[in-house]
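> The structure that follows is given in the form of structure tokens.
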Amino acid sequence: KQEVTQIPAALSVPEGENLVLNCSFTDSAIYNLQWFRQDPGKGLTSLLLIQSSQREQTSGRLNASLDKSSGRSTLYIAASQPGDSATYLCAVAPSGYSTLTFGKGTMLLVSP
Amino acid sequence: DAGVIQSPRHEVTEMGQEVTLRCKPISGHNSLFWYRQTMMRGLELLIYFNNNVPIDDSGMPEDRFSAKMPNASFSTLKIQPSEPRDSAVYFCASRLRGLAGGLSTDTQYFGPGTRLTVL
Numbered sequence: 192k193q194e195v196t197q198i199p200a201a202l203s204v205p206e207g208e209n210l211v212l213n214c215s216f217t218d219s220a221i222y223n224l225q226w227f228r229q230d231p232g233k234g235l236t237s238l239l240l241i242q243s244s245q246r247e248q249t250s251g252r253l254n255a256s257l258d259k260s261s262g263r264s265t266l267y268i269a270a271s272q273p274g275d276s277a278t279y280l281c282a283v284a285p286s287g288y289s290t291l292t293f294g295k296g297t298m299l300l301v302s303p
Numbered sequence: 004d005a006g007v008i009q010s011p012r013h014e015v016t017e018m019g020q021e022v023t024l025r026c027k028p029i030s031g032h033n034s035l036f037w038y039r040q041t042m043m044r045g046l047e048l049l050i051y052f053n054n055n056v057p058i059d060d061s062g063m064p065e066d067r068f069s070a071k072m073p074n075a076s077f078s079t080l081k082i083q084p085s086e087p088r089d090s091a092v093y094f095c096a097s098r099l100r101g102l103a104g105g106l107s108t109d110t111q112y113f114g115p116g117t118r119l120t121v122l
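Protein chains in written order, with the working numbering: chain S, 192 to 303; chain U, 4 to 122.
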């Protein structure tokens with residue numbers, strides 16, 4: 192059974208810092224990996240999707256990498272802003288893609 | 004598009020009552036997912052439909068939970084009878100499974116959720 196772990200569970204940084212969120216998964220036979228953002232009291236918003244054949248994806252200040260063999264992904268946020276404060280969730284889809292298995296998320300607070 | 008629509012946004016009920024949660028997926032999407040989120044267990048898949056047909060309901064906790072998708076634009080999740088341990092935020096998500104312009108369209112789009120409290 193696929194298990195997804197995110198470290199750290201919470202992170203507090205001052206505005207402007209570059210930061211890295213980590214995600215690890217136990218079964219490397221994945222179809223894709225996705226990073227989501229969740230604001231308090233809201234649903235999830237997809238940020239980046241990396242197919243199993245890809246190594247990384249970039250969107251603005253966000254860069255996500257994938258190392259299938261080691262079962263790891265990182266989400267890099269450059270020049271963090273208070274508006275980046277949210278919970279970030281990693282999710283993996285198994286081969287043949289049916290459903291997603293989510294980590295419990297990293298709660299990020301960026302202070303002005 | 005208005006995105007995935009869920010109703011109600013908040014529901015407070017007493018133990019033993021029937022609860023019905025509703026979801027309208029994004030028009031044209033062919034997959035629909037029901038999730039439950041708690042602090043202890045995180046986000047868990049309950050059931051998902053493909054082309055209105057239930058494909059995997061292994062995450063449904065017990066027989067008190069049932070889900071239907073009578074057509075492509077509507078789904079319900081029913082809990083009868085409800086219990087305090089069912090208190091959680093329930094999310095609906097939809098997806099267009101397939102290819103668009105040669106690119107895989109696997110992204111799930113989530114609704115705002117229904118916060119259920121069972122007293």
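Ideal Cβ positions, reconstructed from N, Cα and C, are used throughout, including at glycine.
DSSP three-state label for Arg228/S, please.
strand
> Determine the closest residue to Ala284/S out of Ser256/S, Ile268/S, Gln272/S and Ser243/S, with distance taken between C-alpha atoms.
Ser243/S
> For Gly114/U, which residues in chain S fall below 8 angstroms Cβ to Cβ?
Gly234
> Can you list the residues of chain S that Gly31/U reaches, using a CB-CB cut of under 9 angstroms?
Within chain S, no residue comes near Gly31/U; the closest Cβ sits about 17 angstroms away, beyond 9 angstroms.
> Taking one C-beta from the stretch 260 to 280 of chain S and one from the stretch 198 to 208 of chain S each time, how about it: are there three or more such pairs within less than 8 angstroms?
yes
> Kindly indicate the opening and closing residues of the beta strand (DSSP E) around Gln248/S.
It spans Glu247 to Ser250 - the beta strand (DSSP E) in which Gln248/S sits, taken as one unbroken run.
> Classify Gly45/U as helix, strand or coil using the three-state DSSP reduction.
Three-state result, Gly45/U: strand.
> Under a Cβ-count criterion, where at least 16 other Cβ atoms within 10 Å of its own Cβ denotes burial, should Gly251/S be classed as buried or exposed?
exposed
> Please name the residue, chosen from Lys81/U, Pro115/U, Thr120/U and Phe36/U, that lies closest to Pro87/U on a Cα-to-Cα basis.
Thr120/U
> Identify whether Thr290/S lies in helix, strand or coil by the three-state DSSP scheme.
Thr290/S falls in the coil class under three-state DSSP.
> At a CB-CB cut-off below 8 angstroms, which residues of chain U make contact with Ala284/S?
Asp109
> Give a yes or no on whether 8 angstroms exceeds the smallest Cβ distance from Phe94/U to chain S.
yes
> From the DSSP output, which residues share a beta bridge with Lys71/U?
Thr79/U
> Shorter than 8 angstroms from the beta carbon of Asp59/U to some beta carbon of chain S?
yes
> For the stretch 236 to 255 of chain S, which residues have a CB atom closer than 9 angstroms to at least one CB atom of chain U, in sequence order?
Thr236, Ser237, Leu240 and Gln242
> Tell me the DSSP secondary structure of Arg100/U in three-state form.
coil
> From Asp230/S to Ile198/S, what does the alpha carbon distance come to, in whole angstroms?
18 angstroms
> What's the gap between the Cα of Thr16/U and the Cα of Val22/U?
Straight through space, the alpha carbons of Val22/U and Thr16/U are spaced by roughly 8 angstroms.
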